[in-house]
Amino acid sequence: MNNVTTTMLSVDSPMRLVISSDNEVTAAAQLCVLKNDLHRRPFGLVEKVYFDKYLAYGRGKDKKLLETVALAAQHNNCYKFVLLTEKHDWCVRNIAKKAGFQDHGVYFKLPLVNFNVPYNEIKSYGVRFSITKQDKEMARARLYVINNGGLQPFGFMEDVYVDETVRGQGYGTTILETLIDKAQQSACYALLATSRYERKKVHELYGRFGFRVAGKEMRKDLDMLI
């Protein structure tokens with residue numbers, strides 16, 4: 219099998235959006251705008267979602283937050299907007315549905331054991347991994363290492379693909395081994411991933427690497443602003 223080649227991708231720092239009332243934060247979230255070379259437009263990943271249960275829930279500010287973040291993603295020309303929700307976050311999912319999100323797939327999480335890397339030296343960046351055979355791409359995946367101001371960055375895995383003609387021959391395993399190793403070297407506390415419900419073989423592959431179902435992926439497709 220050919221070696222894995224890598225291409226670096228630029229990642230901007232996450233932007234924080236806050237809704238306040240009488241100088242109190244009622245809702246907040248961070249938006250990461252991530253580039254994917256398969257699309258002319260980037261996509262948005264939202265995390266660190268917070269709602270004040272007394273000031274936001276049921277008062278419209280919860281829905282307004284997601285609408286505001288989606289608008290920010292749209293202004294950054296994103297073609298989709300992804301929200302990862304934990305298993306117990308049924309309330310957030312209900313709010314997301316009211317804001318136009320769809321239940322799109324499974325959200326996976328892999329806790330990582332980190333190498334001795336100074337966390338404050340890790341900047342947000344992306345890597346594209348690829349395996350080619352006779353000038354044809356047989357497998358690929360992307361890793362986004364995101365420093366959101368916490369103690370450690372986290373990794374987000376996107377666009378894991380293996381060509382139909384070589385599935386079951388170890389290409390997916392090689393790509394994931396390389397990607398996970400890179401996430402560990404970058405001091406990520408966890409590696410996150412999503413997958414559509416019908417991709418059972420992918421779910422099995424993730425399970426063999428220790429990924430566990432953490433919740434659901436909510437997605438909203440975005441039109442291009444003119």
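FYI, the numbering used here numbers position 116 of the sequence shown as 334, with every residue one higher than the one before it. All C-beta atoms in this analysis are idealised placements derived from N, C-alpha and C, irrespective of residue type, glycine included.
Item to check | Helix, strand or coil at Q370 according to DSSP, with G and I counted as helix | outcome: Stepping through the sequence shown from its first residue, residue 370 is reached at position 152. If DSSP states are grouped into helix, strand and coil, Q370 belongs with coil.
- prompt: Can you tell which of Q248, Q292 and N220 has the C-alpha that lies nearest to the C-alpha of L440?
  reply: Along the sequence shown, one-based indexing puts residue 440 at 222. With respect to the C-alpha of L440, the residue from Q248, Q292 and N220 having the closest C-alpha is Q292.
- Count the other CB atoms within 10 Å of the CB of L369; is the residue buried (16 or more) or exposed (fewer)? What you label residue 369 is simply residue 151 of the sequence shown in a count that begins at 1. The residue in question, L369, is exposed, as its Cβ has fewer than 16 Cβ neighbours within 10 Å.
Just tell me which of R259, D230 and R258 has its CA closest to the CA of L249.
Along the sequence shown, read from residue 1 onward, the residue named residue 249 stands at position 31. Nearest C-alpha to L249 among R259, D230 and R258: D230.
**Study point:** Of the listed residues G386, Q320 and N220, nearest to K298 (C-alpha basis)
**Key:** What you label residue 298 is simply residue 80 of the sequence shown in a count that begins at 1. That would be Q320, whose Cα lies nearest to the Cα of K298.
Q | DSSP state of C309 mapped onto helix, strand, coil | A | What you label residue 309 is simply residue 91 of the sequence shown in a count that begins at 1. Secondary structure of C309 (DSSP, three-state): helix.
Alpha helix (DSSP H) runs contained entirely in the region 243-298, provided each spans 4 or more residues: Complete alpha helix (DSSP H) runs here, min 4: 279-293.
| said: In this structure, how does DSSP classify D441 when only helix, strand and coil are distinguished? | reply: On the sequence shown, residue 441 is found 223 positions in, with the first residue counted as 1. If DSSP states are grouped into helix, strand and coil, D441 belongs with coil.
Can you tell me which residues form a DSSP beta bridge with L397?
For the purposes of this step, residue 397 is taken as the residue at position 179 of the sequence shown. The partner list for L397 (beta bridge, DSSP) is empty, contrary to what the question assumes.
ask   = Mapping DSSP to helix, strand and coil, what is K341?
value = Counting from 1 along the sequence shown, the entry for residue 341 is found at position 123. If DSSP states are grouped into helix, strand and coil, K341 belongs with coil.
* Tell me where the alpha helix (DSSP H) around G425 begins and ends. => As a first step, residue 425 must be located in the sequence shown, where it is residue number 207. For G425, the uninterrupted alpha helix (DSSP H) segment begins and ends at K418 to R426.
Under three-state DSSP, which class holds Q487?
Since the first residue of the chain shown is 219 and the last is 444, residue 487 is not available in this structure.
Exercise. Using a Cβ cut-off of 9 Å (strictly closer), state whether N294 contacts chain C.
Key: Of the protein chains in the structure, only one exists, and it is not chain C.
Check each candidate in T303, A317, Y424 and K266 and name the one with the smallest Cα separation from A245. Walking along the sequence shown from the start, residue 245 turns up at place 27. In this structure, K266 is the residue among T303, A317, Y424 and K266 with its C-alpha nearest to the C-alpha of A245.
| Between which two residues does the beta strand (DSSP E) containing A357 stretch? | Position 139 of the sequence shown, counted from the start, is the residue given in the question as residue 357. Where A357 is concerned, the enclosing beta strand (DSSP E) stretches over K354 to I364.
*asked:* Whether or not the region 417-429 and the region 388-401 are in contact is what I'm after, with contact meaning three or more pairs of Cβ atoms, one per stretch, closer than 8 Å; do they touch?
replied: In this structure the region 388-401 lies against the region 417-429, because at least three pairs of beta carbons, one per stretch, are closer than 8 Å.
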